[in-house]
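Student: Next up is a structure, given as structure tokens.
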Amino acid sequence: MPDTPAEVAASFPPPAGFAEQANASAELYEQAERDRLAFWAEQARRLHWATPFTEVLDWSDAPVAKWFVGGRLNVAYNCVDRHVEAGHGDRVAIHWVGEPVDDERTITYAQLQDEVSRAANALTELGLVAGDRVAIYLPMIPEAIVAMLACARLGAMHSVVFAGFSASALTARIQDAQAKLVITADGQYRRGKAASLKAAVDEAVAASDSVEHVLVVRRTGIDVDWTDGRDLWWHDVVNDASPQHDPEAFDSEHPLFLLYTSGTTGKPKGIVHTTGGYLTQSSYTHVNVFDVKPERDVFWCTADIGWVTGHTYIVYGPLSNGVTQVVYEGTPTSPDEHRHFQIIEKYGVTIYYTAPTLIRTFMKLGRQIPAEHDLSSLRLLGSVGEPINPEAWRWYRTVFGADRTPIVDTWWQTETGSIMISPLPGVTSTKPGSAMTPLPGISAMIVDDEGNQLQPGTGHGEQVSGYLVLDKPWPSMLRGIWGDPERFTETYWSRFAERGWYFAGDGARYGSDGEIWVLGRIDDVMNVSGHRISTAEVESALVGHSGVAEAAVVGATDEQTGQAICAFVILKARAANEDRDQMVDELRKQVATEISPIARPREIHVVPELPKTRSGKIMRRLLRDVAEGRELGDTSTLVDPSVFEAIRASK
Ligand code: WTA
1 MPDTPAEVAA
11 SFPPPAGFAE
21 QANASAELYE
31 QAERDRLAFW
41 AEQARRLHWA
51 TPFTEVLDWS
61 DAPVAKWFVG
71 GRLNVAYNCV
81 DRHVEAGHGD
91 RVAIHWVGEP
101 VDDERTITYA
111 QLQDEVSRAA
121 NALTELGLVA
131 GDRVAIYLPM
141 IPEAIVAMLA
151 CARLGAMHSV
161 VFAGFSASAL
171 TARIQDAQAK
181 LVITADGQYR
191 RGKAASLKAA
201 VDEAVAASDS
211 VEHVLVVRRT
221 GIDVDWTDGR
231 DLWWHDVVND
241 ASPQHDPEAF
251 DSEHPLFLLY
261 TSGTTGKPKG
271 IVHTTGGYLT
281 QSSYTHVNVF
291 DVKPERDVFW
301 CTADIGWVTG
311 HTYIVYGPLS
321 NGVTQVVYEG
331 TPTSPDEHRH
341 FQIIEKYGVT
351 IYYTAPTLIR
361 TFMKLGRQIP
371 AEHDLSSLRL
381 LGSVGEPINP
391 EAWRWYRTVF
401 GADRTPIVDT
411 WWQTETGSIM
421 ISPLPGVTST
431 KPGSAMTPLP
441 GISAMIVDDE
451 GNQLQPGTGH
461 GEQVSGYLVL
471 DKPWPSMLRG
481 IWGDPERFTE
491 TYWSRFAERG
501 WYFAGDGARY
511 GSDGEIWVLG
521 RIDDVMNVSG
531 HRISTAEVES
541 ALVGHSGVAE
551 AAVVGATDEQ
561 TGQAICAFVI
571 LKARAANEDR
581 DQMVDELRKQ
591 VATEISPIAR
601 PREIHVVPEL
611 PKTRSGKIMR
621 RLLRDVAEGR
631 ELGDTSTLVD
641 PSVFEAIRAS
651 K
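Residue numbers (the UniProt record's numbering): 1 to 651.
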């Protein structure tokens, strides 16, 4: 949360040395201002187009945009082959670091081209054609990136499912997308132990009617069940395939991938991204926000490819720019808390992009750990996923950045595809906790209920907040929700329908210089360690337990994870007599298996009743007050205000 005194006290201008060498100067804002579409056309031309586009933007079918109309390109060619053809085949694309110590691989652009071509040939052999959907359920191993690029090369859509998701979450995503192929591994390393992954796929595929094959990477060597004819080893089919593959160019609006994200209902939304616009903005933001110099930088984005940050800033952004990057498989604390710092030191990481929750974890562990390592290679730091509290921001700059590196706090969403609001590191004077202003070419506003723009710079202490909206289309915007155009319009475009604005679901306020302070979600989506989880999803997992009659879930402020999940449940009469602790335990497990361990509630309170309005709506706001130990807000619309005595007693 922004704290006004801090905002007043300090802003951090870019160091002169940084500004001088930066890719982006203030001129970029002016260029975009002068002619927005010409500006985007110029950014798009940084890519290789097999057929040039004839129109920059067609917004006649709003809210479904067409960018770079008529253009044709191949995403994998742009991310891989193009760099090899330019003579950079020997440049390292990926320094891959496995979770087990000393399990490392270095992959050059030329080797990546070979691998992606082999995989594309193998997938073609399996009958995959442009437009098909492929579910990718893999840990952070090079094959995950190769698989994504192979799909892109063939014009097949990948739907990457975070490998921490459960079998039932995977089933729902496979079914919704009607995936024809699933790419997975036998298992994955989690905190030093090999855990099964294929078993969840077996369960999901048994419940699906679309999957023809399961391609399995051998990662851990643990035993797997095998279905002959359906299951194939990656090393059998990919290694034997030819490393020659001619990439076909696809229309700029050809779908590139699907990525499921939580919405305000229990059903996740399949966010659709397309080819030309997505790659243009991913590449543009990566080069300007992170100031990458492909010849000498070592970039490291610590996200998982299961989330959009991994898609855009591990795969498409860095590779389209021909950058060298580190990809790390495991958790930051495996085998101990030194791991990230050792990796930075060993590979000379220059740009490090992570989430506030991890910075807070490092803060808690103490600065003596980073102090044991040489972090002097770092020249730029990034943050994403949730508002970063000013204290963590300052600690990050001091401890990681030796009080000299700029920090880019980047605001964006699965739906926006790439960064939208962020400092430019060689231009912007940053304020700790604020993502600052929209990037050149991007337009965003904070408005009130009626859509009137809040007055920027109304002074300190003025905590007026409003809705964050994007009032002009942008190249990497989502093109829809898979199979549900109505939900697409309803979710994002109905709040300010007459004005044609996209409503992001976040609340925000302006600071004294007109900069944007994002305050977080104002809908029923929680943000736990930067992961989006909807209250409805967790509620439906809880009521899926036979002992639960009703459940209400809220996100409460948590020092470590940003928000933590707090659940209130009413038990069925039959279950009410069972051991409470055991019941709560079971329920937490239930959520972990239904969704993922990341969705496991921090607390579950068994209550006799839930606070409801006369129309039967659960008053989450009041439950949040209870969860955060605050005085209750307005209870006048409640049917029975006394329910709180009982709820309080349960805590
Ligand atoms: C939140 C992650 C404040 C926000 C890229 C948004 C942020 C949601 C920031 C999207 C930031 C992301 N400051 N809040 N720098 N970055 N958010 O789809 O609430 O996983 O709507 O995309 O994360 O989460 P998603």
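Ideal Cβ positions, reconstructed from N, Cα and C, are used throughout, including at glycine.
From a predicted model like this one, the values you see are computed outputs, not experimental measurements.
Within 7 Å: the Cβ of arginine 521 and any heavy atom of ligand 1?
Tutor: By one-based count along the sequence shown, residue 521 stands at place 521. Yes, since a heavy atom of ligand 1 falls inside the 7 Å radius drawn around the Cβ of arginine 521.
Student: Comparing C-alpha positions only, which one of Glu539, Asp581, His605 sits nearest to alanine 599?
Tutor: Counting from 1 along the sequence shown, the entry for residue 599 is found at position 599. The shortest Cα separation from alanine 599 among Glu539, Asp581, His605 belongs to Glu539.
Student: At the level of alpha carbons, what is the spacing between valine 116 and aspartate 581?
Tutor: Looking up residue 116 in the sequence shown gives position 116. Looking up residue 581 in the sequence shown gives position 581. In a straight line, the C-alpha of valine 116 is about 51 Å away from that of aspartate 581.
Student: Going by other Cβ atoms of all chains shown within 10 Å of its Cβ, with 16 needed for buried, is histidine 235 buried or exposed?
Tutor: Residue numbering aside, residue 235 sits at position 235 when the sequence shown is read from its first letter. Answer is exposed; the Cβ neighbour count stays below 16.
Student: If you draw a straight line from the alpha carbon of methionine 363 to that of lysine 346, how long is it in whole angstroms?
Tutor: Position 363 of the sequence shown holds residue 363. Position 346 of the sequence shown holds residue 346. Taking the straight line joining both Cα atoms gives about 22 Å.
Student: So the alpha helix (DSSP H) serine 210 belongs to, where does it begin and stop?
Tutor: Counting from one through the sequence shown, the residue named residue 210 turns up at place 210. Element bounds for serine 210: n/a, residue is neither H nor E.
Student: Whole angstroms are fine: how far does the CA of arginine 521 sit from the CA of threonine 613?
Tutor: In the sequence shown, counting from the first residue as 1, residue 613 sits at position 613. In the sequence shown, counting from the first residue as 1, residue 521 sits at position 521. If I take the Cα positions, the gap works out to 22 Å.
Student: What is the DSSP secondary structure of serine 196, reduced to helix, strand or coil?
Tutor: Residue mapping note: residue 196 aligns to position 196 of the sequence shown, counting from 1. Looking at serine 196 - three-state DSSP - the assignment turns out to be strand.
Student: Quick check on lysine 572: buried or exposed, where buried means 16 or more other Cβ atoms within 10 Å of its Cβ?
Tutor: Along the sequence shown, one-based indexing puts residue 572 at 572. Its Cβ having fewer than 16 others within 10 Å, lysine 572 is exposed.
Student: Using 10 angstroms around the beta-carbon of tryptophan 59, count the other beta-carbons present and answer buried if the total reaches 16, otherwise exposed.
Tutor: In the sequence shown, counting from the first residue as 1, residue 59 sits at position 59. Classification of tryptophan 59: exposed, given that the 10 Å Cβ count is below 16.
Student: Spatial neighbours of aspartate 225 within its chain, please: CB distance less than 8 Å, with the 5 preceding and 5 following residues excluded, ordered by chain position.
Tutor: As a working note, residue 225 is residue 225 in the sequence shown. The answer, listed in chain order, is Lys198, Ala199, Asp202.
Student: When the Cβ atoms of the stretch 257-270 are set against those of the stretch 529-536, are three or more pairs found closer than 8 Å?
Tutor: Output reads yes: the stretch 529-536 touches the stretch 257-270.
Student: What residue does the alpha helix (DSSP H) around valine 626 start on, and which one ends it?
Tutor: What you label residue 626 is simply residue 626 of the sequence shown in a count that begins at 1. Its alpha helix (DSSP H) spans residues 620-627.
Student: Is glycine 505 close to ligand 1? I mean its beta-carbon at under 7 Å from any heavy atom of the ligand.
Tutor: As a position in the sequence shown, residue 505 is number 505, starting the count at 1. Glycine 505: yes, Cβ under 7 Å from ligand 1.
Student: Looking only at its own chain, which residues have a Cβ that is under 7 Å from the Cβ of valine 146, when we skip the five neighbours before and after it?
Tutor: For the purposes of this step, residue 146 is identified with residue 146 of the sequence shown, where counting begins at 1. Glu115, Val116, Ala119.
Student: Let's see if you can read the secondary structure: which residues bound the beta strand (DSSP E) around glutamine 188?
Tutor: On the sequence shown, residue 188 is found 188 positions in, with the first residue counted as 1. 187-190 is the span of the beta strand (DSSP E), which, as asked, contains glutamine 188.
Student: Quick one: Cα of glutamine 455 to Cα of proline 387, how far?
Tutor: Reading the sequence shown from its first residue, position 455 is the one you call residue 455. Reading the sequence shown from its first residue, position 387 is the one you call residue 387. Those two C-alpha atoms are separated by around 21 Å.
Student: Buried or exposed for glutamate 515, going by 16 or more other Cβ atoms inside 10 Å?
Tutor: If you number the sequence shown from 1, residue 515 lands on position 515. Buried, because 16 or more other Cβ atoms sit within 10 Å of the Cβ of glutamate 515.
Student: On the criterion of 16 or more Cβ atoms from any shown chain inside 10 Å, does phenylalanine 644 qualify as buried, or is it exposed?
Tutor: What you label residue 644 is simply residue 644 of the sequence shown in a count that begins at 1. Answer is buried; the Cβ neighbour count reaches 16.
Student: Can you give the Cα-Cα distance for proline 608 and alanine 646, rounded to whole angstroms?
Tutor: As a first step, residue 608 is located in the sequence shown; it is residue number 608 there, counting from the start. As a first step, residue 646 is located in the sequence shown; it is residue number 646 there, counting from the start. Distance between the alpha carbons of proline 608 and alanine 646: 7 Å.
Student: With DSSP collapsed to three states, give me the class of glycine 17.
Tutor: Locating residue 17 in the sequence shown gives position 17, where the first residue counts as 1. Looking at glycine 17 - three-state DSSP - the assignment turns out to be helix.
Student: Is the beta carbon of valine 315 within less than 7 Å of some heavy atom of ligand 1?
Tutor: Against the sequence shown, residue 315 aligns to sequence position 315. Not so, every heavy atom of ligand 1 lies at least 7 Å from the Cβ.
Student: Could you tell me the alpha carbon to alpha carbon distance between glutamine 281 and glutamate 498, rounded to whole angstroms?
Tutor: As a position in the sequence shown, residue 281 is number 281, starting the count at 1. As a position in the sequence shown, residue 498 is number 498, starting the count at 1. Rounded to whole angstroms, glutamine 281 to glutamate 498 spans 27 Å at the Cα level.
Student: Drop a sphere of 10 angstroms on the beta-carbon of proline 335, count the other beta-carbons inside from all chains shown, and report buried for 16 or more, exposed for fewer.
Tutor: Counting from 1 along the sequence shown, the entry for residue 335 is found at position 335. Answer is exposed; the Cβ neighbour count stays below 16.
Student: If you measure from the CB of proline 268, is any heavy atom of ligand 2 nearer than 7 Å?
Tutor: Annotation note on ligand 2: not contained in the displayed structure, which lists ligand 1 as its ligands.
Student: Let's see if you can read the secondary structure: which residues bound the alpha helix (DSSP H) around serine 236?
Tutor: What you label residue 236 is simply residue 236 of the sequence shown in a count that begins at 1. A small correction: the amino acid at residue 236 is aspartate; serine does not occupy that position in the sequence shown. Looking at the DSSP string, the run of the alpha helix (DSSP H) that includes aspartate 236 is 234-237.
Student: Rounded to whole angstroms, what is the Cα-Cα separation between glycine 555 and valine 101?
Tutor: Indexing the sequence shown from 1 puts residue 555 at position 555. Indexing the sequence shown from 1 puts residue 101 at position 101. Near 36 Å, if we compare the C-alpha coordinates of valine 101 and glycine 555.
Student: Thinking C-alpha only, which one of Ala576, Trp307, Asp513, Leu468 is nearest glycine 530?
Tutor: Your numbering for residue 530 matches position 530 in the sequence shown. Closest option to glycine 530, Cα to Cα, is Trp307.
Student: With a threshold of 16 other CB atoms inside 10 Å of the CB of valine 129, please say whether the residue is buried or exposed.
Tutor: Here residue 129 is taken as the residue at index 129 of the sequence shown, counted from 1. Counting Cβ neighbours within 10 Å, valine 129 comes out exposed, since fewer than 16 surround it.
Student: Judging by CA-CA distance, which residue of Ser376, His213, Val384 is the nearest neighbour of arginine 404?
Tutor: The sequence position of residue 404 within the sequence shown is 404, counting from 1. Closest option to arginine 404, Cα to Cα, is Ser376.
Student: Over what stretch of residues does the beta strand (DSSP E) that includes glutamine 563 continue unbroken?
Tutor: Numbered from its first residue, the sequence shown carries residue 563 at position 563. Glutamine 563 -> beta strand (DSSP E) spans 562-571.
Student: Could you tell me whether the stretch 278-293 touches the stretch 304-318, where touching means 3 or more Cβ pairs closer than 8 Å?
Tutor: Using a C-beta cut-off of 8 Å, the stretch 278-293 makes contact with the stretch 304-318, since at least three inter-stretch Cβ pairs fall below that distance.
Student: Give me the DSSP bridge partner(s) of phenylalanine 488.
Tutor: Locating residue 488 in the sequence shown gives position 488, where the first residue counts as 1. For phenylalanine 488, which the question treats as bridged, DSSP gives no partner whatsoever.
Student: Can arginine 532 be considered in contact with ligand 1, in the sense that its beta carbon sits closer than 7 Å to one or more heavy atoms?
Tutor: For the purposes of this step, residue 532 is taken as the residue at position 532 of the sequence shown. Flag set: Cβ of arginine 532 near ligand 1.
Student: Count the other CB atoms, across all protein chains shown, that sit within 10 Å of the CB of alanine 355; report buried if there are 16 or more and exposed otherwise.
Tutor: As a first step, residue 355 is located in the sequence shown; it is residue number 355 there, counting from the start. Its Cβ being crowded by 16 or more others within 10 Å, alanine 355 is buried.
Student: At the level of alpha carbons, what is the spacing between histidine 158 and alanine 144?
Tutor: The residue given as residue 158 occupies position 158 in the sequence shown. The residue given as residue 144 occupies position 144 in the sequence shown. The C-alpha of histidine 158 lies about 11 Å from the C-alpha of alanine 144.
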